[in-house]
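*Asks:* Residue numbers (my numbering): 64 to 403.
#1: Determine the DSSP secondary structure at residue 385, reduced to helix, strand or coil.
#2: Count the C-beta pairs between the region 116 to 124 and the region 144 to 157 that are closer than 8 angstroms, then say yes if the count reaches three, no if not.
#3: Please state whether DSSP places residue 20 in a helix, a strand or coil.
#4: Excluding sequence positions up to five away, which residues of its chain have a Cβ less than 6 angstroms from the Cβ of residue 264?
#5: Give me the Cα-Cα distance between residue 361 and residue 107, rounded to the nearest whole angstrom.
#6: Return the Cβ separation of residue 299 and residue 211 in integer angstroms, given the expectation that the two are a contact with Cβ distance under 8 angstroms.
#7: By DSSP, does residue 298 sit in helix, in strand, or in coil?
#8: Since residue 159 and residue 131 should fall inside the 8 angstroms C-beta cutoff, what is the C-beta to C-beta distance between them, to a whole number of angstroms?
#9: Quick check on the DSSP output: the alpha helix (DSSP H) that includes residue 151 runs from which residue to which?
#10: Does the contact criterion of 3 or more C-beta pairs under 8 angstroms hold for the region 246 to 261 versus the region 187 to 204?
#11: Determine the extent of the beta strand (DSSP E) in which residue 326 is found, giving its start and end residues.
#12: Can you list, in chain order, the residues of its chain whose CB lies under 6 angstroms from that of residue 216, leaving out five sequence neighbours each side?
#13: Whose CA, out of 229, 241, 292, 167, lies closest to the CA of residue 272?
#14: Return the chain-ordered list of same chain residues with a C-beta closer than 6 angstroms to the C-beta of residue 307, the five sequence neighbours on each side being excluded.
#15: For the 8 angstroms Cβ check, are there 3 or more pairs between the region 302 to 322 and the region 356 to 375?
#16: Going by C-alpha to C-alpha distance, which of 191, 188, 304 sits closest to residue 336?
#17: For residue 353 versus residue 313, is the C-beta distance shorter than 8 angstroms?
#18: Rounded to whole angstroms, what is the Cα-Cα separation between residue 150 and residue 367?
#19: To the nearest angstrom, report how far apart residue 412 and residue 277 are at their CA atoms.
#20: Hey, how far is the Cα of residue 383 from the Cα of residue 137?
#21: Given that a residue counts as buried once 16 or more other Cβ atoms are within 10 Å of its Cβ, and exposed if not, what is residue 378?
#22: Alpha carbon to alpha carbon, how far is residue 238 from residue 192? Give it in angstroms, no decimals.
#23: Return the first residue and the last residue of the alpha helix (DSSP H) that residue 145 is part of.
#24: Applying the 10 Å Cβ sphere with the 16-neighbour rule, what's the burial state of residue 309?
#25: Mapping the DSSP letters down to three states, classify residue 305 as helix, strand or coil.
#26: Determine the closest residue to residue 115 out of 234, 190, 274, 343, with distance taken between C-alpha atoms.
#27: Considering just the uninterrupted stretch of the beta strand (DSSP E) at residue 215, what are its terminal residues?
#28: Express the C-alpha separation of residue 266 and residue 342 in angstroms, rounding to a whole number.
#29: Residues in the same chain with beta-carbon distance under 8 angstroms from residue 284, minus the five sequence neighbours each way, listed in chain order, please.
#30: Suppose the cutoff is 8 angstroms on Cβ atoms and the five residues either side in sequence are ignored; what does the same chain contact list for residue 375 look like?
#31: If I follow the unbroken beta strand (DSSP E) through residue 167, where does it start and stop?
#32: Starting from residue 368, trace the beta strand (DSSP E) in both directions and tell me its first and last residue.
#33: Since residue 356 is in the beta strand (DSSP E), which residue starts that stretch and which ends it?
#34: From the DSSP output, which residues share a beta bridge with residue 190?
#35: Would you list the residues sitting across from residue 272 in a DSSP beta bridge?
#36: Out of curiosity, what's the CA-to-CA distance linking residue 206 and residue 223?
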């Protein structure tokens, strides 16, 4: 009998369902192509310091590298892992099947962490990690539409079964609305010029693929300079962040963690651009809740950077959950009980 359960959770996914997958299932005939090099794996595990019997949360399962490392570090540990990418879920399911019921994979966005843990009967976890942003398989798959180097649909969704595509977003927005997104999420100073060029291409029926989108951007700002960053980089990043609501999702996760991580447990956030890192920094700045493990975020080692280009922009912040201070009313009640 299958161990896959569909539980109705309105608001979690647009399909109003969350899928629970135990890693020991082998249903076959599933595309598990999701080769991904785990970034700062050892640093994340050292920050979490997994222990036997501990329960840990991996908010961004991806290829399963961090989850696997946690399970290997402590023989009796369990991991509850989230991902909204069906391909990632399928690949991790195969990779982690040897761990059996020590790992539970949740096919959902990580904004639903609190609700999902309640459904599983887990009040708190002993640590949590999140490897943010886009993964290499998502960039490399032309059908996902996240890369300007490969021709594909202007999609950019991490969960291709729900939400609007990047093209639908462009169609819905005004020139100013599109420019605001490109400026806010891409830090692109030429956002208005780019937005007008993209919308013009749309009106002229010349916007069908990712290469069409790049051409519209190049028409606005010119070709790449020698040794420079491709002119489409910031705009593609901005559209992807907007389509997947990446910052809103991260804000929801960070807001949920204080109530879901047990005192003494650690939260480790691995980010790849300044907007993500800023949110993590602000969340961990709450000194009544968190104690930062390091004054500044860690970066990848030079050795790792030399073999994994994606790690070059990585920043790891980690903080330990402090004990919950009793409120004044609670303190008075305890004192009254002591007097009895």
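Even glycine gets a Cβ: it sits at the ideal position worked out from N, Cα and C. Since this is a predicted model, take the numbers as computed values, not measurements.
*Replies:* To lay it out plainly:
#1: coil
#2: yes
#3: Residue 20 lies beyond the range of the chain shown here (64 to 403); nothing can be said about it.
#4: 270, 279
#5: 10 angstroms
#6: 5 angstroms
#7: Helix.
#8: 6 angstroms
#9: Here the alpha helix (DSSP H) through residue 151 covers 149 to 158.
#10: Verdict: no, contact absent.
#11: 324 to 334
#12: 208
#13: Each of 229, 241, 292, 167 was checked against the Cα of residue 272, and the nearest Cα belongs to 229.
#14: 221
#15: Taking a cut-off of 8 angstroms on C-beta distances, the region 302 to 322 does not touch the region 356 to 375, as fewer than three cross pairs fall below it.
#16: For residue 336, the nearest C-alpha among the options comes from 304.
#17: no
#18: 26 angstroms
#19: Look at the range of the chain in this structure, 64 to 403, and you will see that residue 412 is not part of it.
#20: 19 angstroms
#21: That one is buried.
#22: 37 angstroms
#23: Residue 145 -> not in any alpha helix (DSSP H); beta strand (DSSP E) instead, spanning 141 to 146.
#24: buried
#25: helix
#26: Looking from the CA of residue 115, the closest CA among 234, 190, 274, 343 belongs to 190.
#27: Counted as a single uninterrupted DSSP element, the stretch harbouring residue 215 is not any beta strand (DSSP E), since DSSP gives it neither H nor E.
#28: 36 angstroms
#29: Closer than 8 angstroms at Cβ, skipping near neighbours: 253, 256, 257, 294.
#30: 363, 368
#31: 166 to 170
#32: Not the beta strand (DSSP E): residue 368 falls in the alpha helix (DSSP H), residues 365 to 370.
#33: Run containing residue 356: none; DSSP gives neither H nor E here.
#34: 119, 329
#35: According to DSSP, residue 272 bridges with 216.
#36: Distance between residue 206 and residue 223, taken at the CA atoms: about 10 angstroms.
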